[in-house]
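These notes concern the structure reproduced below.
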Amino acid sequence: MTQVMLNALVVGTTYALIALGITIIFSIMKVVNFAHGQLYMIGGFVVYYFNVVFGLPFWFGLVMSFLIVGLLGVAMELFLFRPVMLRVKREEVTMLLAMGTAVFLESLALLVFGEKQRGVPPIATGIVELFGARLPTGRIVVIVVAAMLIAALMAFIGYTKTGRALRAMAQDREATALQGVNLKWLSAMGFGLGTGLAGLSGGLLVAIFAVHTGAGTAISIKAFLMIMIGGAGVLSGAILGGFVLGFLESVGYALLPGSLTFLIIFLIVICFLIVRPNGIMGKPWG
Amino acid sequence: MILRQQRQSALRRALILGAAAGALAFGTSAYAEETLKIGALGVMSGPFAGWGGVMCQTFKSRAGMWNDDGGVAIGDKTYKVEVVCVDDKGDPKGAQTGAEKLVSEGVKYIQGPNTDSTAESAKTVMEANGTINMPYAFSKSLYKAPASQSILGMVASYQVGPVIYKWLMENKGVKKIAFVSENNADPIKQRDEGSAGAKALGLEVVSDQETYESGTTDFFPILTKVIGTAPDHIVLSGVSPSDVGPLIKAARELGFTGTMSTETGQDPKAIYEVAGDASNGFIAAGGASTEAIRSDFMVKFIERYTKDWGEWNDVAGLYVYGPEIMIQTLQSAGPKALEDTEVFKAALTGFVGKNPFLKDGGELKYVGRTDYGQARQVSVPIVVQAVENGEYKPLFVGKLPD
């Protein structure tokens, strides 16, 4: 059972990191970014190219995954979502736009990166044994870094002027604008932060998993599931949703036949959302 | 060298994209010579792109070699080979509409699809329109009468699985075996067939019900349970190219020291890149391009594929058999077969061509009478091999029964 709990911890931490980006974008733009998984995938490839193809340090590639995918997000906000949202108020249009972007990014990635799965050399070697359970050192490093990134993001959102402006914009755009906040800049920055986090997750997790051009869709679905569990648009909800899904998945695989695990997870989520439609943490930042 | 190839690969793909856009912009009006249009229908995106995408690329590279040599002579005419690739996205509905699209363009011969569900779906179109296709799918109903239009292009999992298990019993002392697969119809079917084959050989099947969802990134949870049953050997049934490396890596990190295998075609370099030394010894069936057995012609094909797509994929060494025997059979059957696939089918039983890919040469023909009751399988050699530092080392080579 120790191994199952350790598995839940690792899966939960990685899921929490994945869910943060999508929830930030949802909270400030009210856009469910279905291209989140594809941005995660691109982050993984950015690290692969810098680390394996160009021979630069993994950690440099990780920083670049945040910057490159973040800038891609800024471009998406400026040239795709903003013009559309200025003209159309219907939410399903932005969802379709996000889905279209996902298909475009995945097809482009296949053309540029090819069909093969990619991995990077281990960032740490060795195995730690805890009460009979095994935890590879690489996973420990990833968990620690993911936890630090989550803490840094929470601090940024909670205690900096920009972070407070982001929260204010998520709660009431008009009131925030009346306070003199430049919403155009803030929207682009928030979108870029969200996509940058997707890239960062993909970049960090390629160190222990692998990446391929078809990885995005499943990640998007799970990220969406996590924020629905935790509460869409709430940072702590995304983290909680990630850990809940990670726990359900790990314990489910241990106790149930594999084919039933996600069936039951989805049933639990459906039942839970009937009782609490806004997720565990309730409405966005408030 | 590899790094340079990978850098060139991205540039090359971009140039191909640009060239394709250019071709669209300026039209393709200048060609007046005869063209033989052949289709490739398969899963060319998503986690299984390593199968359909490589199938399409393989066919295009081989066609490029034929065209560089002036084309293929069928009867009195010489034809340039044009390959039309259609992505069915692994979706049965996509396979059906893709097959209809190819048929509407006048295509009579198609490579693919790559999975049972898509091949079964495309089968109705193939049978109704008299179109020949070469699926890389194992469902027997595709190849048994009354079906007649599909020809299996590779070795089926139920043909190679028991051969591998028997070898493991005799050479590695394997007694207990476990199966793990994705929660999808095709891999589950292959798992069930593999499990039945293992039981028939007298192996103790300790786990054959564990599945993971498509898109799983962390395989620790599922493998924790499988490894808990203490198998000597784990079979990754119908595993997609994107999952095989992470599965091997996770199993070794969890302390599994037994042997592992799959019956599907996989690229050893991609596995090694993800799983590192943990992948050494991993057994796979398929690719017939290992250095020990390949001919000079296979080396030329590898060079051509690498030039076209930036990087060699061992699965291409398997897929290249399909277009090769298809064209050789058309040449043997004559020009009437270009329009009437009944002529092509009539030629299958007696056809004996040359295998240009193996060092020892040999015949290229249609087999399958034992398993399907009619000649509806390409005589691809059964090559069982183990990964060793990113390359395949052949363990043994076998033959399919007639």
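In order, the protein sequences belong to chains A and B.
Quick note on numbering: this note's numbering labels position 44 of the first sequence as 44, and the sequence is numbered without any gaps.
Quick note on numbering: this note's numbering labels position 158 of the second sequence as 1158, and the sequence is numbered without any gaps.
Glycine included, C-beta positions come from ideal geometry on N, C-alpha and C.
For B:Leu-1201, the secondary structure class from DSSP, reduced to helix, strand or coil, is coil. Between the alpha carbons of A:Thr-13 and A:Ile-239 lies a distance of about 8 Å. A Cβ-Cβ distance of about 7 Å is found for the pair A:Gly-70 and A:Gly-199, placing them in contact under the 8 Å criterion. Using beta-carbon distances, A:Asn-7 counts as an interface residue toward chain B, with a partner under 8 Å. Close CB contacts of B:Gly-1258 within its chain, under the 8 Å cut and outside five residues either way in sequence, are with Val-1174, Pro-1231, Asp-1232, His-1233, Ile-1234 (chain order). By the C-beta density criterion, B:Asn-1313 is buried, having at least 16 other C-beta atoms within 10 angstroms. Beta-bridge pairing by DSSP links B:Cys-1085 to B:Ala-1040. Note that the C-beta distance between B:Gly-1090 and B:Phe-1048 is below 8 Å.
B:Val-1163 and B:Val-1378 do not touch by the CB rule: their CB atoms are close to 17 Å apart, not below 8 Å. In this structure, DSSP gives B:Lys-1077 an extended state, which the three-state scheme calls strand. Ranked by how close their Cα comes to the Cα of A:Ser-27, the residues A:Gly-258, A:Val-206, A:Gly-242, A:Ala-165 have A:Ala-165 in first place.
The Cβ of A:Gly-119 sits closer than 8 Å to at least one Cβ of chain B.
Look at B:Thr-1211 here: in three-state DSSP terms it is strand. Runs of the alpha helix (DSSP H) lying entirely within the stretch 66-117 of chain A and spanning at least 4 residues, in chain order: 82-87, 91-113. CA-CA distance, B:Phe-1138 to B:Ser-1157, rounds to 7 Å.
Membership of B:Gly-1353 in the beta strand (DSSP E) is indicated by the continuous run 1352-1354. The CB of A:Lys-161 never comes closer than 8 Å to any CB in chain B; the least such distance is about 36 Å. For B:Asp-1371, no Cβ of chain A is located within less than 8 Å of the residue's own Cβ. Put simply, of B:Arg-1294, B:Val-1387, B:Gly-1046, B:Glu-1391 the residue whose alpha carbon is nearest the alpha carbon of A:Val-211 is B:Gly-1046. Between the alpha carbons of B:Pro-1241 and B:Gly-1053 lies a distance of about 11 Å. In the three-state reduction of the DSSP assignment, B:Val-1239 falls in the coil class, being assigned neither a helical nor a strand state.
Chain A has a Cβ within less than 8 Å of the Cβ of B:Gly-1046. Distance from the CA of B:Gly-1228 to the CA of A:Ile-264, rounded to the nearest whole angstrom, comes to 23 Å. With respect to A:Ala-207, A:Val-142 sits close: the two C-beta atoms are nearer than 8 Å. Going by C-alpha positions, A:Ala-223 is about 32 Å away from B:Thr-1097. Ranking A:Ser-201, A:Asn-7, A:Phe-209, A:Leu-6 by CA distance to the CA of A:Val-145 puts A:Ser-201 first. If you keep only unbroken alpha helix (DSSP H) runs of at least 4 residues inside the stretch 191-249 of chain A, you get 216-230. The DSSP-derived three-state label of A:Met-41 is helix. Taking the beta carbon of B:Ala-1270 as reference, the chain A residues within 8 Å of it are Lys-116, Gln-117, Arg-118, listed in sequence order. Taking A:Gly-216 as reference, the option from A:Leu-149, A:Ala-152, A:Leu-110 with the minimal CA-CA separation is A:Leu-110.
Two segments are said to touch when three or more pairs of C-beta atoms, one from each, lie closer than 8 Å; by this definition the stretch 232-252 of chain A does not touch the stretch 81-100 of chain A. For the stretch 1199-1216 of chain B, the beta-carbon criterion of a distance under 9 Å to any beta-carbon of chain A is satisfied by Gln-1209, Glu-1210, Thr-1211, Tyr-1212, Glu-1213, Ser-1214, Gly-1215, Thr-1216. Contact annotation for B:Ala-1049 against chain A: Leu-110, Glu-115, His-212, Thr-213, Gly-214 [CB-CB distance below 8 Å, chain order].
Using a CB distance below 7 Å, the part of the stretch 257-275 of chain A facing chain B consists of Pro-257, Gly-258, Ser-259, Phe-262, ordered along the chain.
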